[in-house]
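Using the UniProt record's numbering, read the sequence shown as starting at 1 and increasing by one per residue. Glycine included, each C-beta is placed from N, C-alpha and C at the ideal position. For reference, the structure discussed in these notes is given below.
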Amino acid sequence: MKKLSIDQVAELAYVSRSVVSRVLNNHKNVSDEARERVMKVVEEHNYQPSSVARGLATNKNYEIGIVAPRRCDETLGNGFWSLLHLGIFEECIDNGYFVTLSPISTDKGSDINENILDDKRLDGYILLTQEVTDFVINKLKEQDVPMVVVGHDEQNHEITSIDVNNFAGVKKSTNHLIDLGHKRIGAIMASPNMKESVDRINGYKEALNEANLPISEEYIAVDDYSQRHGYNTMKKWIKNGLDITGVVCMSDTLAMGALLALHEEDISVPEKFSVVGFDDLPIAQYTIPPLTTVQQPIYEKGKRAANLLVNQIENKDADIVHENLEAELVVRQSSDIAPQ
């Protein structure tokens with residue numbers, strides 16, 4: 001079937017082009033009879049308005065930008081980001097929006113960054129990580145453009161944000177090891193300048209405090225969210241003879257690095273050492289052994305971020321909200337009773 005133009009829809013419905021536009025944009029100033037005729041033609045011919053036509057009618061381009069950190073090991077290659085992006089993409093498609101993914105560098109002299117942030121086509125932005133927010137926020141505030149941050153940012157509380165309950169999630173993973181009898185528990189954490197990381201390490205510390213277990217800086221390793229960090233930290237702890245029996249990792253990626261180091265050192269998991277991750281990436285159930293972890297709804301977080309942004313774009317009076325999704329412990333085979 002040949003695709004109709006908006007003028008042809010108007011002709012078949014015996015109305016003007018502007019009436020068709022008002023009907024498609026759910027404008028109130030249309031008679032019931034005219035609305036019924038237009039919708040009958042739209043349904044019979046499966047009419048889909050072009051993005052250009054919609055933009056002219058609504059003063060929107062129906063395109064949003066995802067601004068992500070430019071890290072070759074994370075932006076596209078890490079399973080966490082893939083799931084998050086998928087949630088954003090699918091929610092935007094369902095709402096009729098195109099999506100542009102723009103990894104940016106924190107190099108302040110980058111012309112690429114300026115071009116991304118000056119893109120007048122975009123109706124709004126989803127900012128991924130506090131690192132990105134800190135870098136671009138002032139520029140975007142000047143443009144008065146709708147924004148949603150994935151990851152709460154206490155310095156920019158006037159911007160809508162969505163995250164998981166990081167504090168509660170890591171407290172659950174730490175309590176899991178405590179319940180298994182572990183008394184010396186390490187933590188491999190990352191990016192201490194980010195609120196999510198601070199909340200996770202505080203969840204670890206509170207669980208230990210409530211159990212009257214020691215908190216030692218020796219037991220806490222800080223770097224980035226890479227497998228390399230998890231691997232190097234575990235190698236270092238083993239070499240130094242650090243007397244711990246389990247570790248909570250602030251991501252599954254960190255936990256995978258730790259598992260490889262333990263395997264290379266012939267330390268059996270979970271018989272001699274327990275490992276718990278955070279995220280529940282699809283690959284977590286296929287590690288050796290399958291990884292006990294804290295499941296955060298990554299895909300749903302992406303969908304909700306997109307939903308919040310679309311609501312802001314289409315409703316200028318939308319409330320600023322800061323939402324927390326819940327995290328749940330998923331017990332697999334990488335954790336067990338502490339060795340005696």
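Point to revise | Which of helix, strand or coil DSSP assigns to residue 98 | key: strand
**Study point:** Cβ shell of residue 181 (< 8 Å), same chain only, five flanking positions each side left out
**Key:** The beta carbon of residue 181 sits closer than 8 Å to the beta carbons of 337, 338 from its chain, once the five residues preceding and following it are set aside; these are given in chain order.
Practice item. Give the C-beta separation of residue 291 and residue 332 to the nearest angstrom, bearing in mind that I take them to be a contact with Cβ-Cβ under 8 Å. Key: 6 Å
Review point. How would you call residue 56, buried or exposed, if buried means at least 16 neighbouring beta carbons within 10 angstroms?
Key: Note that residue 56 has pLDDT 47, beneath the 50 cutoff, so the model's placement of it is unreliable and the number below is only indicative. Exposed.
Point to revise | Close beta carbons around residue 321, own chain, < 6 Å, minus the five adjacent residues each side | key: 160
Review point. Taking just the CA atoms, how far does residue 7 sit from residue 122?
Key: 27 Å
Practice item. Kindly indicate the opening and closing residues of the alpha helix (DSSP H) around residue 42. Key: 32-45
Review point. Do you know whose CA, among 252, 178, 214, lies nearest residue 279's CA?
Key: Closest by alpha carbon: 252.
Review point. Between which two residues does the beta strand (DSSP E) carrying residue 185 extend?
Key: 185-190
**Study point:** Contacts around residue 37, its chain only, beta-carbon distance under 6 Å, and the 5 residues preceding and following it disregarded
**Key:** 13
Check your understanding: If we ignore side chains and look at the alpha-carbon of each, how far apart do residue 72 and residue 262 end up?
Key -> Note that residue 72 has pLDDT 46, beneath the 50 cutoff, so the model's placement of it is unreliable and the number below is only indicative. Straight-line Cα distance between these residues: approximately 26 Å.
Exercise for review: Tell me whether residue 225 is buried or exposed, calling it buried when 16 or more other Cβ atoms sit within 10 Å of its Cβ.
Suggested key: buried
Practice item. Pull up the DSSP beta-bridge partners for residue 126, would you. Key: 66, 148
Exercise for review: Decide if residue 96 is buried, meaning its Cβ has at least 16 other Cβ atoms within 10 Å, or exposed.
Suggested key: exposed
Exercise for review: With DSSP as the reference, please indicate the residues paired to residue 226 in a beta bridge.
Suggested key: Its beta-bridge partners do not exist; DSSP assigns none.
Practice item. With distances taken Cα to Cα, identify the nearest neighbour of residue 133 among 120, 317, 93, 148. Key: 148
Review point. Which one of 199, 221, 204 has the shortest CA to CA distance from residue 189?
Key: 221
Exercise for review: Mark residue 335 as exposed unless 16 or more other C-beta atoms lie within 10 angstroms of its C-beta, in which case mark it buried.
Suggested key: buried
Exercise for review: Leaving out five residues on either side along the sequence, give the residues of the same chain with a beta carbon under 6 Å from the beta carbon of residue 276.
Suggested key: 173, 248, 292, 335
Review point. Helix, strand or coil: how does DSSP classify residue 198 here?
Key: helix
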